[in-house]
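K.L.:
Residue numbering for the sequence shown follows the numbering used here, starting at 882 and increasing by one per position. Even glycine gets a Cβ: it sits at the ideal position worked out from N, Cα and C. All of these numbers come straight from a predicted model, not from anything done at the bench.
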Amino acid sequence: MNAPVHPHALSTAELQALDSAHFLHPFTDHKGLAAKGARVITHADDIYVWDSEGKKILDAMSGLWCVNAGYGRKELADVAHAQMMKLPFYNSFFQTTNEPAVRLAARLAELAPAVDGRRFQHVFFSSSGSESNDTNVRMARRYWDLMGQPQRKVIISRHNAYHGSTMAGASLGGMSAMHAQGDLPIPNITHIQQPYYYELAEPGESQDAFGLRAARWLEDKILEIGPEKVAAFIAEPVQGAGGVIIPPATYWPEIQRIVDKYGILLISDEVICAFGRLGHWFAYEKFGYKPDLVTFAKAVTSGYIPLGGVLVGDRVAQVLIDKGGEFNHGYTYSGHPVACAVALANLDIMERENLPGRVRDDVGPYLAEVFEQFKSHPLVGDAETCGFVAGLVLVQDKATRKAFPEDWAVGMMCRAHCFGNGLVMRAVGDRMIIAPPLTMTRAQIDEMAVLIKKALDLTLQELQSQGKFGIR
Ligand SMILES: *Cc1c(COP(=O)(O)O)cnc(C)c1O
882 MNAPVHPHAL STAELQALDS AHFLHPFTDH KGLAAKGARV ITHADDIYVW DSEGKKILDA
942 MSGLWCVNAG YGRKELADVA HAQMMKLPFY NSFFQTTNEP AVRLAARLAE LAPAVDGRRF
1002 QHVFFSSSGS ESNDTNVRMA RRYWDLMGQP QRKVIISRHN AYHGSTMAGA SLGGMSAMHA
1062 QGDLPIPNIT HIQQPYYYEL AEPGESQDAF GLRAARWLED KILEIGPEKV AAFIAEPVQG
1122 AGGVIIPPAT YWPEIQRIVD KYGILLISDE VICAFGRLGH WFAYEKFGYK PDLVTFAKAV
1182 TSGYIPLGGV LVGDRVAQVL IDKGGEFNHG YTYSGHPVAC AVALANLDIM ERENLPGRVR
1242 DDVGPYLAEV FEQFKSHPLV GDAETCGFVA GLVLVQDKAT RKAFPEDWAV GMMCRAHCFG
1302 NGLVMRAVGD RMIIAPPLTM TRAQIDEMAV LIKKALDLTL QELQSQGKFG IR
């Protein structure tokens, strides 16, 4: 045995004390957390994680939308070990390259489907989704400079979108709380409303009619700015962190018509939606649109090691290549050999086990059936799934779609009951969402459904006991 890494085992309380003394967590009220103590996760297997008190928790969020192949994949660890022993790092700045990065770029180019002859033959690597979207901003503007239209700088995004947390990522995102703290967005980024039917449709408006109307907000914005100034439109195929907002079927085709009409670039941020999450390798294939740039990260390695990047379509790549000149942008870890080797092994697993296919044809449709049943719960205003993401909206009055007052924090109440029962389900306002590992079986979906039902019942009881439900 090798010497243990830690001089002595730390108790939960010791870890929590050190944590609050030294570790500033992302997206966290540090004072609140210090008072409470962080939950310490120690190990994981399959779709479960365990905390330092030995509690087993069903992870219906795949970590943070990442662990598509599930936990405990020894072959990913083995590949990382072997690659670290062989070549742990080398840069790709100075006309050098490495085999895992080359192979991964070629593999992604092969996996990404061509639409109407538009292909993705090139990849730009980063280490995260945020960085990849910074790359998109730089690349879109570089493209228009090279095209002789340097005035095309504006990038249009959507309210409640999530595109990361760097200055450009948070600016592209449409989270008002993030903008408020960073003096954001940076210049030349603007937002339109999201295609959220449940909240934004007019009374009696059909899904299809709403989808067209929502897409036309893009055209209105383009005309307001002046089409000659617009560089790109960026969107998630299904908004993830915003609460699993699934657009109506008419939305994406109309968006495609509009971007084509004005010649603007279309950026599909698939950091969540790619790699089987919606039942396809890439989500633009599912919805049938034709992006010019595709952001990926998270599940490309199933989260085992950080990696992100942009699939660059021929339209942009050919201009960057043919016009020449240096693109003054990149990251130390662009094309990191260990991360790329792990990604290749992860894609092997996904292919071998047909994870996208089973989500599309088997467990995805089953998850949809199970979620349909939650619609009869008194708290649930709507329940939706798309592949292996799903959302439930909790409302005070189903008939009128009346939301709970925000300060009752009903979503957080429900989330606490989930945790209490050994389930990770996330709350975005009062939308309860999941994105489970794609390896989840039907039996495990049933097991999860029991836990969700229990959390909903406990939430209802708590609201009733406070006199906050069943009153009009
Ligand atoms: C998570 C996420 C990002 C940001 O990725 P990081 O790796 O956290 O920087 C960007 N876009 C979408 C759609 C995401 O879900």
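Beta carbon of Trp1289: closer than 8 Å to some heavy atom of ligand 1?
P.N.:
no
K.L.:
For the putative contact between Val1175 and Val1191, defined by C-beta atoms under 8 Å, what is the C-beta separation to the nearest angstrom?
P.N.:
7 Å
K.L.:
Cα-Cα, which of Ala925, Glu934, Lys1283, Asp940 is closest to Leu1332?
P.N.:
Nearest C-alpha to Leu1332: Asp940.
K.L.:
Could you check if Ile1202 is buried or exposed, using at least 16 other CB atoms within 10 Å of its CB as the buried criterion?
P.N.:
So Ile1202 ends up on the exposed side.
K.L.:
So, helix, strand or coil for Arg1196, using DSSP?
P.N.:
Here Arg1196 sits in helix by DSSP.
K.L.:
Let me check you understand the geometry: is the CB of Val948 closer than 8 Å to at least one non-hydrogen atom of ligand 1?
P.N.:
no
K.L.:
Put Ser1009 into one of helix, strand or coil per three-state DSSP.
P.N.:
coil
K.L.:
Look at the alpha carbon of Ala1198 and the alpha carbon of Ser933, and state the distance between them as a whole number of angstroms.
P.N.:
48 Å
K.L.:
Over the uninterrupted alpha helix (DSSP H) stretch that includes Thr1340, give me the two end residues.
P.N.:
1323-1346
K.L.:
Which residue or residues does DSSP assign as beta-bridge partners of His1072?
P.N.:
In the DSSP secondary-structure assignment, His1072 is bridged to Ser1038.
K.L.:
Excluding the five sequence neighbours on either side, which residues of its own chain have a C-beta within less than 6 Å of the C-beta of Ala1220, listed in chain order?
P.N.:
Ile1186, Leu1188
K.L.:
Taking 8 Å as the cut-off, does the region 1090-1100 touch the region 1131-1146 (at least 3 CB pairs, one atom from each stretch)?
P.N.:
yes
K.L.:
Under 8 Å: does the beta carbon of His1210 sit that close to some heavy atom of ligand 1?
P.N.:
No heavy atom of ligand 1 is found nearer than 8 Å to the CB of His1210.
K.L.:
So what does Gly1189 bridge to, in DSSP terms?
P.N.:
Ser1007
K.L.:
Between the C-alpha atoms of Gly1351 and Gln1345, what's the straight-line distance to the nearest angstrom?
P.N.:
7 Å
K.L.:
Phe1285 to Gln1120, Cα distance in whole Å?
P.N.:
The alpha-carbon atoms of Phe1285 and Gln1120 are separated by roughly 22 Å.
K.L.:
Can the beta-carbon of Ser1165 be found less than 9 Å from the beta-carbon of Ser1008?
P.N.:
Note that residue 1165 corresponds to Tyr in the displayed sequence, not to Ser. No, they are not a contact pair.
K.L.:
Do we get a CB-CB distance below 9 Å when we pair Met1293 with the residues of chain B?
P.N.:
No chain B is part of this structure, which consists of one protein chain only.
K.L.:
Around the Cβ of Met882, are there at least 16 other Cβ atoms within 10 angstroms (buried) or fewer (exposed)?
P.N.:
With a pLDDT of 45 at Met882, under the threshold of 50, the predicted position of this residue should be treated as unreliable, and no value is reported.
K.L.:
Considering just the uninterrupted stretch of the alpha helix (DSSP H) at Val983, what are its terminal residues?
P.N.:
Element bounds for Val983: 980-992.
K.L.:
Does the beta carbon of Thr1176 fall short of 8 Å from some heavy atom of ligand 1?
P.N.:
yes
K.L.:
Under 9 Å, do Val996 and Val1125 count as touching if we go by C-beta distance?
P.N.:
For the 9 Å CB-CB criterion, Val996 and Val1125 do not form a contact.
K.L.:
Say yes only if the C-beta of His1217 is nearer than 8 Å to one or more non-hydrogen atoms of ligand 1, and no if none qualify.
P.N.:
no
K.L.:
Can you give the beta carbon distance from Gln1088 to Pro1129, rounded, assuming they're within the 8 Å contact cut?
P.N.:
4 Å
K.L.:
Can you list, in chain order, the residues of its chain whose CB lies under 6 Å from that of Lys1204, leaving out five sequence neighbours each side?
P.N.:
Excluding residues within five positions, the ones whose Cβ falls inside 6 Å are Leu1027.
K.L.:
Considering only heavy atoms of ligand 1, does any lie closer than 8 Å to the CB of Pro1031?
P.N.:
No, since every heavy atom of ligand 1 falls outside the 8 Å radius drawn around the Cβ of Pro1031.
K.L.:
In angstroms with no decimal places, state the Cα-to-Cα distance between Ile1315 and Gly1206.
P.N.:
45 Å
K.L.:
Thr1016 to Phe1208, Cα distance in whole Å?
P.N.:
11 Å
K.L.:
When we look at the beta-carbon of Arg909 and count the other beta-carbons within 10 Å, is it buried (16 or more) or exposed?
P.N.:
First, the residue type needs correcting, since residue 909 is Thr and not Arg in the sequence shown. The residue in question, Thr909, is exposed, as its Cβ has fewer than 16 Cβ neighbours within 10 Å.
K.L.:
Under the assumption that Tyr1079 contacts Arg1282 (Cβ atoms under 8 Å), give the Cβ distance between them as a whole number of angstroms.
P.N.:
About 7 Å; that satisfies the 8 Å criterion.
K.L.:
Which parts of the region 1124-1148 are runs of the alpha helix (DSSP H), unbroken and 4 residues or longer, counting only runs that do not cross its ends?
P.N.:
1132-1143
K.L.:
Based on the DSSP secondary-structure assignment, which residues constitute the bridge partners of Leu914?
P.N.:
Paired residues: none, contrary to the question.
K.L.:
Helix, strand or coil for Lys955, going by three-state DSSP, please let me know.
P.N.:
helix
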